[in-house]
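Novice: Chains as they are written, first to last, in our numbering: chain A, 1 to 179; chain B, 180 to 676. This is the structure I have questions about; it appears just below.
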Amino acid sequence: MANKIRVATTSLAGCFGCHMSFLDLDERLVALAELVEFDRSPITDIEHASNCDIGLIEGGVCNSENVHTLREFRKNCKILVAVGACAINGGLPAMRNFIPLEECLNEAYLDGIGVENPQIPSDVELPLLLDKVRPIHEVVKIDYYLPGCPPSADVFWKFLTDLLEGREPELDYELVHYD
Amino acid sequence: MYEHLETAPNRDNLKRVVVDPVSRVEGHGKVSLLLDENNKVQQARLHIVEFRGFERFIQGRPYWELPVLVQRLCGICPVSHHLAAAKAIDQLVGVDPENLPVSADKLRRLLHFGQVLQSHALHFFHLSSPDLLFGFESDIGKRNIIAVLADYPDIGVQGVKMRKYGQEVIRMVSGKRVHGTGAIAGGMNKALSKEERDYLLADIDQIIQWAVDSVALIKKVHCANLPYYDDFATIRSNYLGLVKPDGALELYHGGIRAKNAAGGTITDHFDYCRYNDLIHEEVRSWTYMKFPYLLSLGKEEGWYRVGPLARVNNCDYINTPLAEAARMEFKAHSPEAMVHSTLAFHWARLIELLHCAESIKGLLHDADLLGGELVAHGEKRYEGIGVIEAPRGTLFHHYQVDENDIVTKANLIVSTTSNNMGMNESVRQVAAEYLSGRELTEPLLNNLEVAIRAYDPCLSCATHAVGKMPLQLELIDAGGALIDKLVKHGNGDIERV
Ligand code: SF4
Numbered sequence: 001m002a003n004k005i006r007v008a009t010t011s012l013a014g015c016f017g018c019h020m021s022f023l024d025l026d027e028r029l030v031a032l033a034e035l036v037e038f039d040r041s042p043i044t045d046i047e048h049a050s051n052c053d054i055g056l057i058e059g060g061v062c063n064s065e066n067v068h069t070l071r072e073f074r075k076n077c078k079i080l081v082a083v084g085a086c087a088i089n090g091g092l093p094a095m096r097n098f099i100p101l102e103e104c105l106n107e108a109y110l111d112g113i114g115v116e117n118p119q120i121p122s123d124v125e126l127p128l129l130l131d132k133v134r135p136i137h138e139v140v141k142i143d144y145y146l147p148g149c150p151p152s153a154d155v156f157w158k159f160l161t162d163l164l165e166g167r168e169p170e171l172d173y174e175l176v177h178y179d
Numbered sequence: 180m181y182e183h184l185e186t187a188p189n190r191d192n193l194k195r196v197v198v199d200p201v202s203r204v205e206g207h208g209k210v211s212l213l214l215d216e217n218n219k220v221q222q223a224r225l226h227i228v229e230f231r232g233f234e235r236f237i238q239g240r241p242y243w244e245l246p247v248l249v250q251r252l253c254g255i256c257p258v259s260h261h262l263a264a265a266k267a268i269d270q271l272v273g274v275d276p277e278n279l280p281v282s283a284d285k286l287r288r289l290l291h292f293g294q295v296l297q298s299h300a301l302h303f304f305h306l307s308s309p310d311l312l313f314g315f316e317s318d319i320g321k322r323n324i325i326a327v328l329a330d331y332p333d334i335g336v337q338g339v340k341m342r343k344y345g346q347e348v349i350r351m352v353s354g355k356r357v358h359g360t361g362a363i364a365g366g367m368n369k370a371l372s373k374e375e376r377d378y379l380l381a382d383i384d385q386i387i388q389w390a391v392d393s394v395a396l397i398k399k400v401h402c403a404n405l406p407y408y409d410d411f412a413t414i415r416s417n418y419l420g421l422v423k424p425d426g427a428l429e430l431y432h433g434g435i436r437a438k439n440a441a442g443g444t445i446t447d448h449f450d451y452c453r454y455n456d457l458i459h460e461e462v463r464s465w466t467y468m469k470f471p472y473l474l475s476l477g478k479e480e481g482w483y484r485v486g487p488l489a490r491v492n493n494c495d496y497i498n499t500p501l502a503e504a505a506r507m508e509f510k511a512h513s514p515e516a517m518v519h520s521t522l523a524f525h526w527a528r529l530i531e532l533l534h535c536a537e538s539i540k541g542l543l544h545d546a547d548l549l550g551g552e553l554v555a556h557g558e559k560r561y562e563g564i565g566v567i568e569a570p571r572g573t574l575f576h577h578y579q580v581d582e583n584d585i586v587t588k589a590n591l592i593v594s595t596t597s598n599n600m601g602m603n604e605s606v607r608q609v610a611a612e613y614l615s616g617r618e619l620t621e622p623l624l625n626n627l628e629v630a631i632r633a634y635d636p637c638l639s640c641a642t643h644a645v646g647k648m649p650l651q652l653e654l655i656d657a658g659g660a661l662i663d664k665l666v667k668h669g670n671g672d673i674e675r676v
């Protein structure tokens, strides 16, 4: 196979369910490996996305590290895709947006049941939290959106094979879920 | 054992080394080391750097949303969160575990066996098998499931298909592979149809056979690498988990058993609804993950490990024959009452995978799955506690509601939290025994990764798990200047930049 397509994936403030759904391609993963090459992804050891054709992003943006990773992906991927509810609109983690961040931290580390030595973790090693969980399109330009919580393996398959075969990706009606 | 390395007595003039998986997709944890002028490790910590705030933001929601809300903590073990929450809200509608309809109880167990099977297959084959098959210090380009599929196609494809089978069990019971719906307060929302049952029955014998093969594989790998596999990252600890009333291995419902490092009983058949009398969690400033400990033993001595190693160590037997035979071999491997080898987590994990496959077969032949009463009702209560053995260990969900059924308080202790001290101790053991006094090298990095990976940690019970920790190592002097930096490149090369 002459030119494999380079695909990178990452999870920001997500639950990893979108990645699980990608792995739900099951045996189709073997076929996919013939067509694409995985760059930075949970299934490889590669650290920085570089020179990629497609970047798949799961999860919204909740801390400074997420912002950094997302910008790096935009810079290094020709096509950037928001995968799943969290990336598209913040998803479930964005439920914290209606509550002051301090209250969330207090609940977990000061006022929780059975908490000893109450204090808010504050070490320099911990990245700064954003006040709100943001959809990724507020930070960088996004080329495609794959809705669902998570999108099904068939969605990944249709999307990637369309691109690989030079078609404009299009999801059939029954593949589009907003669950 | 290595607690003295948690905090250096004097941080002046120490070099800071960060093993930071910033670029790792699921990288929400990192390791920091402080070294003296002879590269001797003075401090080593595993930090969990992500915070989400679930316990606060689910307050104000009606309780019946909980099983579908909290499963979004983790796309890898969503069913475990779904069921722990369901067990808690059963109590809110006045249904105790013994009053759950038989069909609902069995459907939930089937669902959970599917969950544990798929998660264990995922961790072993997609995540750890490259290390174990190619070696801890093999070429980075090799260390991924794609390379396993290319070089060991039989093993790789079997792993993919076992995980698929677990996912299909989940889909048949809950409608979707990830974040389905199945459990509701007091029961389940549907039974299994005959077609669904037959579909799952068709492949189960093959899955059991592959599970047997996997146990043989891990045993071979473990025993071929002795004494290394018994020593590496190994620490002596207490162990905690649920067991059945007769002491058998249990993944869905039971009493809490805790044993000490010598195998002596700390507590047995403890009612998990009183977990707050058994364990508390300590907060430390440098990580978002808390440190649970047994109150009776105190903060210093009371930490414990959970998950496959703890469960297989703690139980008296396993109630499926093939897994029980595998357990006997496993226990015979250790001269002590308990197996403390951290890498033996992998072995124990595959014994459980086999147990899940055998149990699924047993359940599929049970007519109760196909119908019968599915939901029980009772008197409203204001507090519910659900505990389950998730793939990674004991998982606690605790909720309080007001008279309008709105959640007013929540406490979640996820499995990986209970392994926090264990993972930190293993990191420190590796730091002290394998890399203290030596120059920074790539094997050093992978050794730390292998130690952490054995626990199958779900850092922030979500974002970790599938995959490796691509690393960048920076050496910074006390003044903050960068002295040395190592980077792993995509082609596997290590470069000093
Ligand atoms: S969209 Fe759903 S499955 Fe994907 S990361 Fe978010 S919660 Fe998880």
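Beta carbons are placed, not taken as given, at the ideal position from N, Cα and C, and that holds for glycine.
Assuming contact is defined by CB atoms lying nearer than 9 angstroms, are GLY541/B and THR587/B in contact in what I supplied?
Specialist: no
Novice: For the beta strand (DSSP E) containing ALA153/A, name the first residue and the last one.
Specialist: Unbroken run through ALA153/A is the alpha helix (DSSP H), 153 to 164; no beta strand (DSSP E).
Novice: Can you have a look at HIS544/B and say buried or exposed, based on whether 16 or more other CB atoms are within 10 angstroms of its CB?
Specialist: exposed
Novice: When DSSP builds the beta bridges, which residues end up paired with GLN222/B?
Specialist: LEU213/B
Novice: Could you check whether the Cβ of ARG490/B sits closer than 8 angstroms to any heavy atom belonging to the ligand SF4?
Specialist: ARG490/B: no, Cβ never under 8 angstroms from the ligand SF4.
Novice: Between CYS149/A, TRP157/A, LEU160/A, which lies nearest to HIS177/A when the distance is taken from Cα to Cα?
Specialist: Minimum Cα distance to HIS177/A is reached at CYS149/A.
Novice: From what residue to what residue does the alpha helix (DSSP H) around GLU562/B run?
Specialist: Per DSSP, GLU562/B belongs to no alpha helix (DSSP H); it is in the beta strand (DSSP E), 562 to 569.
Novice: Given this structure, state the Cα-to-Cα distance separating GLY293/B from ILE349/B, to the nearest angstrom.
Specialist: 6 angstroms
Novice: Could you tell me the distance, in whole angstroms, from the CA atom of ASN218/B to the CA atom of ARG506/B?
Specialist: 41 angstroms
Novice: Using a C-beta to C-beta distance shorter than 7 angstroms, which residues of chain A count as neighbours of ASN492/B?
Specialist: None at all; the shortest Cβ gap to chain A is about 25 angstroms.
Novice: Can you name, in chain order, every residue of its own chain whose Cβ lies under 8 angstroms from the Cβ of ALA441/B, other than the five neighbours on each side?
Specialist: Closer than 8 angstroms at the Cβ level, and outside the excluded window around ALA441/B, lie GLU515, ALA516, MET517.
Novice: Can you list the beta strand (DSSP E) stretches of 3 or more residues lying completely in the segment 3 to 47 of chain A, in chain order?
Specialist: As far as the segment 3 to 47 of chain A is concerned, its whole beta strand (DSSP E) runs of at least 3 residues are 5 to 11, 36 to 38.
Novice: If you drop the 5 nearest sequence neighbours on each side, which residues of the same chain put their C-beta closer than 6 angstroms to that of ILE397/B?
Specialist: Non-local C-beta neighbours of ILE397/B in its own chain, meaning closer than 6 angstroms and more than five positions away in sequence, comprise HIS525, TRP526, LEU529, ordered along the chain.
Novice: Whole angstroms is fine: what's the gap from LYS478/B's alpha carbon to ARG376/B's?
Specialist: If you draw a straight line from the Cα of LYS478/B to the Cα of ARG376/B, it is about 48 angstroms long.
Novice: Decide if PRO276/B is buried, meaning its Cβ has at least 16 other Cβ atoms within 10 Å, or exposed.
Specialist: PRO276/B sits exposed, since fewer than 16 C-beta atoms from the chains shown fall within 10 Å of its C-beta.
Novice: I need the boundaries of the alpha helix (DSSP H) containing CYS253/B, first residue and last residue.
Specialist: Where CYS253/B is concerned, there is no enclosing alpha helix (DSSP H), given that its DSSP letter is neither H nor E.
Novice: Could you check what DSSP says for ILE136/A in three-state terms: helix, strand or coil?
Specialist: helix
Novice: Taking 8 angstroms as the cut-off, is the beta-carbon of GLU357/B closer than that to any non-hydrogen atom of the ligand SF4?
Specialist: Sequence inspection shows Val at residue 357/B; the Glu mentioned does not correspond to that position. Within the cutoff, so yes.
Novice: With DSSP collapsed to three states, give me the class of ALA437/B.
Specialist: strand
Novice: At a cut-off of 8 angstroms, would you count LEU128/A as near the ligand MG, judging by its Cβ distance to the nearest heavy atom?
Specialist: Looking for the ligand MG in the displayed structure turns up nothing; the ligands present are the ligand SF4.
Novice: Strictly by DSSP, which residues pair up with GLN579/B?
Specialist: GLU562/B, LYS588/B
Novice: Go ahead and pull the three-state DSSP assignment for MET367/B.
Specialist: strand
Novice: Do you know whose CA, among ASN404/B, GLU568/B, LEU371/B, lies nearest LEU522/B's CA?
Specialist: Of the residues ASN404/B, GLU568/B, LEU371/B, the one whose Cα lies closest to the Cα of LEU522/B is ASN404/B.
Novice: Could you pull out every residue in the same chain whose Cβ sits closer than 8 angstroms to the Cβ of LEU184/B, ignoring the five residues on either side in sequence?
Specialist: VAL220, GLN221, GLN222, ALA223, ARG607, ALA610, ALA611
Novice: I'd like the ranges of any alpha helix (DSSP H) spanning at least 4 consecutive residues and lying wholly in the segment 77 to 121 of chain A.
Specialist: Scanning the segment 77 to 121 of chain A from its first residue to its last, the whole alpha helix (DSSP H) runs of 4-plus residues come out as 84 to 89, 101 to 109.
Novice: Kindly provide the ranges of any beta strand (DSSP E) runs that are 3 or more residues long and lie completely inside the segment 487 to 572 of chain B, ordered along the chain.
Specialist: 562 to 569
Novice: Use the C-beta contact count for ASP310/B: other C-beta atoms within 10 angstroms, 16 or more gives buried, fewer gives exposed.
Specialist: By the neighbour-count rule (16 or more Cβ atoms within 10 Å), ASP310/B is buried.
Novice: Mind listing the chain B neighbours of ARG134/A? Cutoff is C-beta to C-beta under 7 angstroms, in chain order.
Specialist: Listed by position along chain B, the residues whose Cβ is nearer than 7 angstroms to that of ARG134/A form an empty set, because the closest Cβ is around 14 angstroms away.
Novice: Run the proximity test for PHE411/B: is its beta-carbon closer than 8 angstroms to any non-hydrogen atom belonging to the ligand SF4?
Specialist: no
Novice: Give me the Cβ distance between MET341/B and LEU296/B, rounded to the nearest whole Å; I'm assuming they're in contact under 8 angstroms.
Specialist: Going by Cβ atoms, the distance from MET341/B to LEU296/B rounds to 7 angstroms, so yes, they are a contact pair.
Novice: Kindly say whether ARG96/A, judged by its beta-carbon, lies nearer than 9 angstroms to any beta-carbon of chain B.
Specialist: yes
Novice: Any Cβ of chain B within less than 9 angstroms of the Cβ of ASN117/A?
Specialist: yes
Novice: Once DSSP output is grouped into helix, strand and coil, what is the label at ILE445/B?
Specialist: Annotated three-state conformation of ILE445/B is strand, per DSSP.
Novice: At what residues does the beta strand (DSSP E) containing VAL61/A begin and finish?
Specialist: 61 to 63
Novice: Under 8 angstroms from any heavy atom of the ligand SF4, does the C-beta of ALA505/B make it?
Specialist: In this structure, the C-beta of ALA505/B stays at least 8 angstroms away from each heavy atom of the ligand SF4.
Novice: Under 9 angstroms, CB to CB, which of the residues in the segment 256 to 286 of chain B have a partner in chain A?
Specialist: PRO257
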